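Undergrad: Starting off with a structure, shown below.
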Amino acid sequence: MTMQRIQHDEGDRTHEPAESSPFAPQTPQEVEEMLSAIGAESVEELFDVPEAVAFDGDFDIDAKSEFEVVTEIEELLGRNADRTEFLGRGHYDHYVPSVVDYLSLRSEFLTSYTQYQPETSQGFLQALFEFQSMIVELTGLPVANCSMYDAATALGEAATLAARVRDTSGSRVLVPETIRSERRSVLENYTEGAELTVGTYPLVDGNVDLDALTELFDDDIVMVYAESPTARGAIEERLPSIATLADDHEAAFCLGSDPVALALLQEPAAVGADIVIGDASVLGLSASYGMGLGLFAVKQAYLRQVPGRLVGTSKTADGRRAYTLTLQTREQHIRKERATSNICTNQAWVALRTAIHIASLGASGLSALAEDCVTTAAEAAARLNDIDGISAPVDDRHHFREFVARTNRPATEVVSELAEKGFLVHEAGEFEVQVCVTETNSGDLDDLVAAVREVLG
């Protein structure tokens with residue numbers, strides 16, 4: 001390695017790279033001085049690494065060519081069981097156009113960090129502004145941030161926002177009893193620190209039991225959360241009534257959905273939602289069962305309480321339109337403990353992918369995809385319902401992508417035997433299974449129906 005010369009105020013000084021890393025700026029002499037100051041003999045003394053896992057200078061891995069490595073990995077992956085997934089419950093697989101990979105994998109997007117310097121980040125800032133604009137158009141609410149980690153963290157942030165903006169005291173958040181376990185878990189992590197509690201309300205025939213919810217409501221409720229589609233795939237038909245109930249008790253109404261569903265369903269703003277959260281990665285990412293993209297939109301009155309980052313427009317000195325992170329005094333890197341949230345990043349690259357996917361579909365393409373999610377689910381339910389031993393859907397509602405079916409045999413057995421035949425569905429109850437159909441697996445519907453007929457025959 002060549003020696004580097006670095007100019008300092010006191011004159012030139014030759015810096016040799018530290019032994020541990022070519023990227024460390026300290027010279028060996030400086031390292032020795034620091035170790036002496038803290039009474040350590042070596043850098044290794046600063047780390048308590050168990051001997052069993054400590055690197056001894058030899059990985060003990062035989063050198064192989066790239067071709068040999070690729071061949072071995074393909075052979076290893078080939079041992080995986082070949083299964084066709086009809087899974088859903090928050091993880092949905094839609095076809096991602098190749099243009100999404102082509103554009104998002106460009107180095108200026110893929111290696112970009114937070115866009116704090118607008119003079120060097122106009123391209124990415126504009127893309128995030130477009131993402132926000134798309135969410136605003138789909139929700140009907142005037143303010144959307146440029147992403148959260150996932151739907152679960154967005155829900156947690158919605159609850160703490162609702163508590164901050166409430167004029168009077170209150171400490172309870174109500175969620176449907178069918179809420180996905182991971183969303184409730186994250187929500188409870190948020191609410192515990194904010195001295196809030198989480199309660200549930202029942203559903204009847206796939207939709208909110210409005211009478212039961214009314215009985216549960218009092219002035220201690222700071223937010224009520226509902227979903228459409230629900231965790232069971234049903235489209236919620238009582239949203240305006242929920243919004244009215246929340247408004248009567250000065251509580252916030254938070255609605256959970258996703259961009260595909262929002263392209264078909266009535267705008268959340270039109271049914272009275274104050275906050276909209278959800279997972280926008282249903283577009284832009286294949287089902288990953290982990291990675292997500294939280295969307296977060298609110299009414300204008302909540303603008304300065306929004307968590308996360310907001311991209312806004314401004315003008316340059318010569319009058320040209322420019323993009324910049326705005327209202328940053330809400331954020332933890334400026335206000336610290338007084339910030340609206342301690343979230344310190346976002347899913348900007350995933351938001352970029354979602355925006356590209358939406359743009360590539362266009363308004364008509366997105367609406368057509370949403371309509372397919374209704375008709376394909378209805379077709380699948382009808383075909384399964386024709387089989388002896390299964391009735392579908394359990395809930396007499398319109399469904400989006402997925403639905404629950406009742407079986408005459410324990411669901412555990414049905415799910416296991418279908419897996420042996422190469423099909424994966426969810427166990428939704430003791431005698432209930434949940435099936436999700438999108439354009440990526442609808443071509444395998446005939447085979448799934450045949451497999452169900454064999455299992456229940």
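Using UniProt numbering, the final residue of the sequence shown is 457, and nothing's skipped along the way. Glycine included, each C-beta is placed from N, C-alpha and C at the ideal position. Quick caveat, the model's predicted, so the values are computed rather than measured.
#1: So for Q126, helix, strand or coil by DSSP?
#2: So, do the segment 251–260 and the segment 271–280 have three or more beta carbon pairs nearer to each other than 8 Å?
#3: Under the assumption that T354 contacts G429 (Cβ atoms under 8 Å), give the Cβ distance between them as a whole number of angstroms.
#4: My output table needs one value for A207: the three-state DSSP class, helix, strand or coil.
#5: Within this structure, are the beta carbons of V449 and C373 separated by less than 9 Å?
#6: Residue range of the beta strand (DSSP E) that S314 falls in?
#7: If distances are taken between C-alpha atoms only, which option among M291, S241 and L293 comes closest to P268?
#8: May I have the straight-line CA-CA distance separating A158 from A234, to the nearest angstrom?
#9: What are the boundary residues of the beta strand (DSSP E) that includes P176?
#10: How many angstroms separate the CA atom of G78 from the CA atom of E420?
#11: Indicate the three-state DSSP secondary structure (helix, strand or coil) for R406 in the structure shown.
#12: Assign M34 to one of three DSSP states: helix, strand, or coil.
#13: Which residues does DSSP list as the beta-bridge partners of R321?
#14: Quick one: residues in its chain with C-beta nearer than 6 Å to the C-beta of L216, no 5 flanking neighbours on either side, listed in chain order?
#15: What span of residues does the beta strand (DSSP E) with C436 cover, start to end?
#16: What does the alpha-carbon distance come out to for the pair L265 and I356?
#17: Taking buried to mean at least 16 other C-beta atoms within 10 Å of its own C-beta, is F124 buried or exposed?
#18: Out of R406, P393 and Q122, which has the shortest C-alpha to C-alpha gap to A381?
#19: Buried or exposed for Y92, please, with buried defined as at least 16 other CB atoms from any protein chain shown within 10 angstroms of its CB.
#20: From what residue to what residue does the alpha helix (DSSP H) around A234 run?
#21: Three or more beta-carbon pairs under 8 Å between the segment 136–153 and the segment 289–306, yes or no?
#22: If you draw a straight line from the alpha carbon of D446 to that of V452, how long is it in whole angstroms?
#23: Taking the beta strand (DSSP E) that L255 belongs to, which residues open and close that run?
#24: Could you pull the DSSP bridge partners for Y225 from this structure?
#25: Quick check: what's the CA-CA separation for V435 versus A252?
#26: Output yes or no for whether 9 Å exceeds the beta carbon distance between V311 and Q115.
#27: Can you tell me whether DSSP reads residue 462 as helix, strand or coil?
#28: Rounded to whole angstroms, what's the CA-CA distance from T316 to Q347? Just pull it up for me.
#29: Within its chain, find whatever has a CB closer than 7 Å to the CB of E10; leave out the 5 residues flanking it on each side and keep chain order.
#30: Counting Cβ pairs, one atom from each stretch, are 3 or more of them under 8 Å apart for the segment 357–368 and the segment 104–114?
#31: Buried or exposed for residue 543, going by 16 or more other Cβ atoms inside 10 Å?
#32: Would the beta-carbon of I61 be found less than 8 Å away from any heavy atom of the ligand ZN?
#33: Could you spell out where the alpha helix (DSSP H) holding F109 opens and where it closes?
#34: Have a look at V143, L361, E30 and L174 and flag the residue whose alpha-carbon is nearest the alpha-carbon of P307.
#35: Kindly indicate which residue of A162, A81, E130 and G457 has the alpha-carbon position closest to the one of K299.
#36: Beta-carbon within less than 6 Å of I334's beta-carbon, same chain only, minus the 5 sequence neighbours each way: which residues are those?
TA: Here's the rundown:
#1: Taking the sequence shown and counting its residues from 1, one reaches residue 126 at position 126. If DSSP states are grouped into helix, strand and coil, Q126 belongs with the helices.
#2: yes
#3: Taking the sequence shown and counting its residues from 1, the one referred to as residue 354 is at position 354. Taking the sequence shown and counting its residues from 1, the one referred to as residue 429 is at position 429. Contact flag wrong, Cβ pair sits at about 32 Å.
#4: Here residue 207 corresponds to residue number 207 of the sequence shown, with the count starting at 1. As written in the sequence, residue 207 is Asn, which differs from the Ala given in the question. Here N207 sits in strand by DSSP.
#5: Residue mapping note: residue 449 aligns to position 449 of the sequence shown, counting from 1. Residue mapping note: residue 373 aligns to position 373 of the sequence shown, counting from 1. No, they are not a contact pair.
#6: Here residue 314 corresponds to residue number 314 of the sequence shown, with the count starting at 1. Counting along the chain, the beta strand (DSSP E) containing S314 begins and ends at L310 to K315.
#7: Numbered from 1 along the sequence shown, position 268 holds the residue referred to as residue 268. Cα-wise, what sits closest to P268 is S241.
#8: Here the question's residue 158 lines up with position 158 in the sequence shown. Here the question's residue 234 lines up with position 234 in the sequence shown. Using only the alpha carbons, I get a separation of about 23 Å.
#9: Reading the sequence shown from its first residue, position 176 is the one you call residue 176. Element bounds for P176: R172 to P176.
#10: To locate residue 78, count along the sequence shown from 1; it is residue 78. To locate residue 420, count along the sequence shown from 1; it is residue 420. Spanning the two alpha carbons is a distance of roughly 17 Å.
#11: On the sequence shown, residue 406 is found 406 positions in, with the first residue counted as 1. Correct three-state label for R406: strand.
#12: As a first step, residue 34 is located in the sequence shown; it is residue number 34 there, counting from the start. The answer is helix: DSSP assigns M34 an H, G or I state.
#13: Residue numbering aside, residue 321 sits at position 321 when the sequence shown is read from its first letter. Answer is K315, bridged to R321.
#14: Counted from its first residue, the sequence shown places residue 216 at position 216. Correct list, in chain order: Y201.
#15: To locate residue 436, count along the sequence shown from 1; it is residue 436. For C436, the enclosing beta strand (DSSP E) starts and ends at E432 to C436.
#16: Here residue 265 corresponds to residue number 265 of the sequence shown, with the count starting at 1. Here residue 356 corresponds to residue number 356 of the sequence shown, with the count starting at 1. Cα to Cα, L265 sits roughly 22 Å from I356.
#17: If you number the sequence shown from 1, residue 124 lands on position 124. Classification of F124: buried, given that the 10 Å Cβ count is 16 or more.
#18: What you label residue 381 is simply residue 381 of the sequence shown in a count that begins at 1. For the residues R406, P393 and Q122, the minimum Cα distance to A381 belongs to P393.
#19: Position 92 of the sequence shown, counting from 1, holds the residue named residue 92. Counting Cβ neighbours within 10 Å, Y92 comes out buried, since at least 16 surround it.
#20: Locating residue 234 in the sequence shown gives position 234, counting from the first residue. Boundaries cannot be given for A234, as no alpha helix (DSSP H) includes it and DSSP labels it neither H nor E.
#21: A contact exists between the segment 136–153 and the segment 289–306.
#22: Translated into the one-based positions of the sequence shown, residue 446 becomes position 446. Translated into the one-based positions of the sequence shown, residue 452 becomes position 452. C-alpha separation (whole angstroms): 10 Å.
#23: Translated into the one-based positions of the sequence shown, residue 255 becomes position 255. Taken as a continuous stretch (DSSP letters only), the beta strand (DSSP E) holding L255 covers A252 to S257.
#24: Start at 1 with the first residue of the sequence shown, and residue 225 comes out as number 225. Paired residue(s): C254.
#25: The residue you call residue 435 lines up with position 435 of the sequence shown. The residue you call residue 252 lines up with position 252 of the sequence shown. Distance between the alpha carbons of V435 and A252 is about 32 Å.
#26: To locate residue 311, count along the sequence shown from 1; it is residue 311. To locate residue 115, count along the sequence shown from 1; it is residue 115. Yes, they are a contact pair.
#27: Since the first and last residues shown for the chain are 1 and 457, residue 462 lies out of range.
#28: For this step, residue 316 is matched to residue 316 along the sequence shown. For this step, residue 347 is matched to residue 347 along the sequence shown. Approximately 27 Å, taken between the alpha carbons.
#29: Here residue 10 refers to the residue found at position 10 when the sequence shown is read from its first residue. Because the pLDDT of E10 is 42, which lies under 50, any placement of that residue in the model is unreliable, and the question is left without a value.
#30: In this structure the segment 357–368 does not touch the segment 104–114; the number of beta carbon pairs closer than 8 Å is below three.
#31: The chain is shown from 1 up to 457; residue 543 falls before or after that span and cannot be answered.
#32: Judged by which ligands are present, the structure shown has none, so any question about the ligand ZN falls away.
#33: The sequence position of residue 109 within the sequence shown is 109, counting from 1. Per DSSP, F109 belongs to the alpha helix (DSSP H) from S107 to L110.
#34: To locate residue 307, count along the sequence shown from 1; it is residue 307. For P307, the nearest C-alpha among the options comes from V143.
#35: Residue mapping note: residue 299 aligns to position 299 of the sequence shown, counting from 1. Nearest of A162, A81, E130 and G457 to K299, Cα basis: A162.
#36: Numbered from its first residue, the sequence shown carries residue 334 at position 334. Around I334: Q328.
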